[in-house]
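Student: Those sequence lines, one after another, are chains E and S.
If you read the first sequence in the working numbering, its first letter stands for residue 21, the second for the next number, and so on.
If you read the second sequence in the working numbering, its first letter stands for residue 1104, the second for the next number, and so on.
The beta carbon of each residue, even a glycine, is placed where N, CA and C say it ideally should be.
Being a predicted model, the structure only gives us computed values, none of them experimental.
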Amino acid sequence: MTPVKQATPQADLIRGIWRENPVLIQALGMCPTLAVTNSVANSLAMGLATLFVLVSSSFLVSSVRRLVPNEVRITTYVLIIATFVTIADMTLQAVVPTIHKALGAFVALIVVNCIILARQEAFASRHPVGRSVLDALGMGAGFTLALLLMGSVREVLGYGTFLGVPLFGPNFEPWVIFALPPGGFLTLGTILLFLSWIKRRRTRAAAPSVAGVPARKAA
Amino acid sequence: MTTPAAWTPPPAVPPRRLIVTLAGAGAVAGALILVAFRATLPAITAHRAAALDEAVREVLRDPARYDTLFLVNDTLVSSPPQGADPARVEQIYVGFGSDSAIAGFAIPAARPGFADVVRLIFGYDAANGTLLAMKVLENKETPGLGDKIEKDSAFVAEFTGALAPLVGVKSRQGKGTPNEIDMITGATISSRTVIRAINEAIARVRPAIERYVAEGVP
């Protein structure tokens, strides 16, 4: 008997990174994605903090899934999530105070990040601990990668630096709009556009007759 | 979850179980937070103190030493009133040069800016009425425009040696008098916030500082 594709550990892990990427495919968690990705360091810290909260919450929710009555499950999940967010907040403040300062209120707002609650409700509360943790790792990594992608584009164009290291000569005039909120929308829109273009090319290459156009060489 | 068509009322859960579940979850959450709080508090307090110490030294331009003074009833005293939480009493810092003469005062100031409160600290030379330096401690101003009050070294450098009270002028349109600060193009409100915060703070603590200089610590 061959296992169903979704049930393998690799599939649990990979799903969140690519095929169901929480930001780029599911378009969840837009608030931190747009708000704190104006530099690579902020994106990385935000991504890792969310990853930590997601994995810890999934682990705990999955462990107690048979103990928690249906009526109070959301309350319990939110309580668990809020606990780990508070821990992440204090840890960031103790370890990297400058980044904590730059992220401002957005660390505390991880509590209401719908990616996290969605994974508890849709996955961790119905699957064993191992699979739930893998799923959370994948989703968290997917979120972090998406934020890093946004942060790299915006920091390079908006400040002319990468992780604070200047990339261009002194004559480079930073494209300030990319560091500002509109730059977040522009970057996200462009990335999503590029991804749908890749997806379309793949669909055409896989099934040339469906779209009614000749198949292209590149997959 | 069950599909809407096949929905049947779930078996009733006794309220006691709901209460026990939530109380248990709350207790575990509280315990976890307490442990994390205990573990991180020393580092957080140390970071805050280090950041403030660095800022005080910077705006007093490397004093040989400095003392903390508490502003109580418009008088500067060296220790907070009995029973009061030292952190809640307004503090300013007096720096001394290597000859033990007063080098200046570091005065924290805050004022609402374009977005949220801008907190800063500045060094003040009471004898000449000039500023030694200014450093923004906390701001949430527009990235790329308003946050230049902290990041634009040309703007920050203007405060060194400026004569109080300060006057903000449009960039490169001043008359060159020592109390002028060239405001940042595109960040007028943020620039003005810094200037007004400093002027207000000086107006507020100046009488106390003058008394302190004349009489020493009471």
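#1: Give the secondary structure of S:I1205 by DSSP, where H, G and I count as helix, E and B as strand, and everything else as coil.
#2: Determine whether the Cβ of E:I135 lies closer than 9 Å to any Cβ atom of chain S.
#3: Under 8 Å by Cβ, that's how I've got E:A144 and E:S78 pegged, so tell me the actual separation to the nearest angstrom.
#4: Taking 9 Å as the CB-CB cut-off, is E:V75 touching chain S?
#5: Within 9 Å of any Cβ in chain E, is that where the Cβ of S:R1120 sits?
#6: Between S:T1233, S:F1258, S:V1192, which lies nearest to S:N1176 when the distance is taken from Cα to Cα?
#7: Strictly by DSSP, which residues pair up with S:Y1227?
#8: In this structure, how does DSSP classify S:F1217 when only helix, strand and coil are distinguished?
#9: How about E:L168 and E:G203: are their beta carbons less than 9 Å apart?
#10: Please work out which residues of its chain come closer than 6 Å, Cβ to Cβ, to E:L48, disregarding the five sequence neighbours upstream and downstream, and give them in chain order.
#11: Just checking: is the beta-carbon of S:E1161 within a distance shorter than 9 Å of some beta-carbon in chain E?
#12: Between E:N62 and the ligand MG, is there a pair consisting of the residue's CB and a ligand heavy atom that are separated by less than 8 Å?
#13: Since S:A1267 contacts S:I1305 with CB under 8 Å, what's their CB separation in whole angstroms?
#14: Can you tell me whether E:V24 is buried or exposed, with buried defined as 16 or more other CB within 10 angstroms of its CB?
#15: What are the boundary residues of the alpha helix (DSSP H) that includes E:L177?
#16: Counting only Cβ pairs nearer than 7 Å, list the residues of chain E close to S:L1155.
#17: If you draw a straight line from the alpha carbon of S:I1224 to that of S:A1209, how long is it in whole angstroms?
#18: In chain order, what residues of the same chain have a beta carbon less than 6 Å from the beta carbon of S:P1114, not counting five sequence neighbours either side?
#19: Decide if E:E175 is buried, meaning its Cβ has at least 16 other Cβ atoms within 10 Å, or exposed.
#20: Skipping 5 residues on each side, what residues in its chain have a beta carbon closer than 6 Å to that of S:I1292?
#21: Do we get a CB-CB distance below 9 Å when we pair S:R1222 with the residues of chain E?
#22: Less than 6 Å between C-beta atoms, sequence neighbours within five positions excluded: which residues of the same chain meet that for S:E1241?
#23: Consult DSSP for S:F1173 and reduce its assignment to one of helix, strand or coil.
#24: Does the distance from the CB of S:I1298 to the CB of S:M1286 come in under 9 Å?
#25: With a threshold of 16 other CB atoms inside 10 Å of the CB of E:Q140, please say whether the residue is buried or exposed.
#26: E:G204 touches chain S at which residues, Cβ-Cβ below 9 Å?
#27: Hey, how far is the Cα of E:V84 from the Cα of E:L154?
#28: Can you look up E:F143 in the DSSP assignment and give me helix, strand or coil?
#29: Near S:L1269, what residues of its chain come up, given a Cβ to Cβ distance below 7 Å and the 5 sequence neighbours on each side ignored?
#30: By how many angstroms is the C-alpha of S:L1121 removed from the C-alpha of S:V1239?
#31: Please determine, among E:M50, E:V149, E:V92, the residue with the shortest C-alpha to C-alpha distance to S:A1128.
#32: Mind listing which residues of the segment 1266-1291 of chain S have their C-beta closer than 7 Å to chain E's C-betas, in chain order?
#33: Can you name the residues of chain S whose CB is closer than 8 Å to the CB of E:I107?
#34: Select from S:I1147, S:A1260, S:V1308, S:G1133 the residue whose C-alpha is nearest the C-alpha of S:M1237.
#35: Roughly how far, in whole angstroms, is the beta-carbon of E:L183 from the beta-carbon of E:A102, given that I think they are within contact range, below 8 Å?
#36: Just to check my reading of the structure: E:I107 and S:A1139 have Cβ atoms closer than 8 Å, yes? What is that Cβ distance to the nearest angstrom?
Tutor: This is what the structure holds:
#1: Three-state DSSP puts S:I1205 in a strand.
#2: Among the CB atoms of chain S, none fall inside 9 Å of the CB of E:I135.
#3: Taking a contact as a CB-CB distance under 8 Å, the pair E:A144 and E:S78 counts as one, their CB atoms being some 4 Å apart.
#4: No, its Cβ sits nowhere closer than 9 Å to a Cβ of chain S.
#5: Interface flag for S:R1120 against chain E is set, since a Cβ pair is found closer than 9 Å.
#6: Minimum Cα distance to S:N1176 is reached at S:V1192.
#7: According to DSSP, S:Y1227 bridges with S:F1208, S:L1234.
#8: Secondary structure of S:F1217 (DSSP, three-state): coil.
#9: Contact flag unset, no.
#10: Excluding sequence neighbours, E:L48 sits near P42, C134, I135.
#11: Output row for S:E1161: interface = no.
#12: The ligand MG is not part of this structure, which contains no ligands at all.
#13: Correct: roughly 5 Å between the Cβ atoms.
#14: Note that E:V24 has pLDDT 46, beneath the 50 cutoff, so the model's placement of it is unreliable and no number is given.
#15: Residues 149-179.
#16: For S:L1155, there are no neighbours in chain E by C-beta distance under 7 Å, as the nearest C-beta there is about 12 Å away.
#17: Roughly 7 Å separates the two Cα atoms.
#18: None.
#19: With 16 or more other Cβ atoms within 10 Å, it is buried.
#20: These residues qualify, in order along the chain: F1217.
#21: S:R1222 does not count as touching chain E.
#22: R1222, listed in sequence order.
#23: For S:F1173, the three-state secondary structure derived from DSSP is strand.
#24: Contact flag set, yes.
#25: Buried, because 16 or more other Cβ atoms sit within 10 Å of the Cβ of E:Q140.
#26: The contacting residues do not exist; E:G204 stays about 11 Å from chain S at best.
#27: Straight-line Cα distance between these residues: approximately 17 Å.
#28: Three-state DSSP puts E:F143 in a helix.
#29: N1282, I1284, I1298, I1301, N1302, listed in sequence order.
#30: Going from the Cα of S:V1239 to the Cα of S:L1121 covers about 50 Å.
#31: Checked all of E:M50, E:V149, E:V92; the closest Cα to S:A1128 is E:V92.
#32: Correct list: empty, as no residue qualifies.
#33: Neighbours of E:I107 on chain S, chain order: L1135, I1136, A1139.
#34: Looking at the Cα atoms, S:A1260 is the closest of the given residues.
#35: Taking the Cβ atoms as the reference, E:L183 lies roughly 31 Å from E:A102, outside the contact range of under 8 Å.
#36: With a Cβ gap of about 4 Å, E:I107 and S:A1139 count as contacting.
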